[in-house]
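Asks:
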DNA sequence: CACATCATGTAACCAGTTACATGATTGG
DNA sequence: CCAATCATGTAACTGGTTACATGATGTG
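Protein chains in written order, with the working numbering: chain G, 131 to 312; chain D, 131 to 312.
#1: Cα-Cα, which of G/249, G/309, G/255, G/263 is closest to residue 273 of chain D?
#2: Could you check if residue 278 of chain G is buried or exposed, using at least 16 other CB atoms within 10 Å of its CB as the buried criterion?
#3: 7 Å is my cut-off, CB to CB: does residue 229 of chain G come that close to chain D?
#4: What does residue 297 of chain D reach in chain G if we use C-beta pairs closer than 8 Å?
#5: Note down, in chain order, all residues in the stretch 256-277 of chain G with a beta-carbon under 7 Å from any beta-carbon belonging to chain D.
#6: Does DSSP classify residue 234 of chain G as helix, strand or coil?
#7: Cβ closer than 7 Å: which chain D residues qualify as neighbours of residue 186 of chain G?
#8: For the alpha helix (DSSP H) that residue 212 of chain D lies in, which residues bound it at each end?
#9: Using 7 Å as the limit for Cβ to Cβ distance, is residue 195 of chain D near chain G?
#10: Among residues of its own chain, excluding the 5 on either side of residue 252 of chain G, which ones have a beta-carbon nearer than 6 Å to its beta-carbon?
#11: Which partner residues does residue 196 of chain D have in the DSSP bridge list?
#12: Less than 7 Å between CB atoms is the rule here; does residue 283 of chain G satisfy it with respect to chain D?
#13: Going along chain G in order, which residues have a C-beta closer than 9 Å to the C-beta of residue 153 of chain D?
#14: Taking a contact to mean a Cβ-Cβ separation below 7 Å, would you say residue 267 of chain D touches residue 275 of chain D in this structure?
#15: Quick check on residue 241 of chain D - is its C-beta less than 7 Å from some C-beta in chain G?
#16: Closer than 8 Å is the cut-off here; do at least three beta carbon pairs connect the stretch 208-221 of chain G with the stretch 229-247 of chain D?
Here is the structure:
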């Protein structure tokens, strides 16, 4: 079970609805996990059935009502247990890397174009994450924030996401350049 | 279909047996894709049935015989087609990132230990990949190699893997330090 | 009233993981 | 003869993706 713990983690210091989680786990936004809305609603139902979450209908004016989910004690315990359990490293699994490996079978210019396009996307995502991180800091220096903030988890994970996207962009540009130069 | 193209790419400039592919796609080794042997043998059977590969028994002395697979023309075409097809970006999907996000629910020291352990693993993997890359260079400078080598694909993909592991190690140490300092 | 956004789901399918199995050959 | 490595598979299960569906509410 994988999404499971990502959902529990997301609900750690705020309650969220399925729709809000969808936005959090959306591609382009998520720094620490990705999931589509369909998967989330299924998972939320399971988590509620297992007693790890409780859902509460929230009546809204101006928009449809929503069900907001909160961690139960059991849910929090399960999350804590998960953080202690050993996990194996996972490697990158990205079609673009396979394409790069298969460069010899590809049209060099078209592959370079794809790499450049991805570089742009990754750059944009990195910038978005950087903004989010700046918001978390709220004016403080990073060192200060890491010492004093209540929950530094989102900052730690967000930083990894930012690094990943930046580096992806750097590599894409480098590889595209290498292909174009031939 | 995912592993499919990774296998075709791996067979692009040399023929390999299921066992050799297993080692290539093994965790700890793979820079561009991961797969377990069970999955590989199934995939190889499918690829052969689909006419993208052909297998040939190779009689060996001193060890069990093996079946070596080679790309067919159709297989090569399929790989080329794949390199041209658009693909979406994929984000990191790593339990360790979820654990970091859930830092507030975790034992800080134990989480730091896990991060440090992962840093060590990633460092080792990065060094292994660096050796592989040096072998590919074969004494040439990178610039020279990228200009003149027949197939730079493995070098491009391997470099991404190396970068990823190095950065993972850096982040793990940084995050562990942040957790320990509290 | 059409379109965007908010909001929540079901069902079929596909890819990957885990568990289980087997056998050859060499070296200590 | 036992352990390590080489070599190849099957089957059940889990997690994730894709396709399909529906309805509320506000804005132009």
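Note that the Cβ used here is the ideal one computed from N, Cα and C, for glycine as well. Nothing here was measured: the structure is a model prediction, and the numbers come from that model.
Replies: Looking at the atomic coordinates:
#1: G/309
#2: exposed
#3: yes
#4: 293, 294, 297
#5: 276, 277
#6: helix
#7: Per Cβ cutoff of 7 Å: no residues; residue 186 of chain G is ~21 Å from chain D at best.
#8: 203-214
#9: no
#10: 295, 298, 299
#11: D/188
#12: yes
#13: Going along chain G, no residue has its Cβ under 9 Å from residue 153 of chain D, so there is no contact; the nearest lies around 15 Å.
#14: yes
#15: yes
#16: yes
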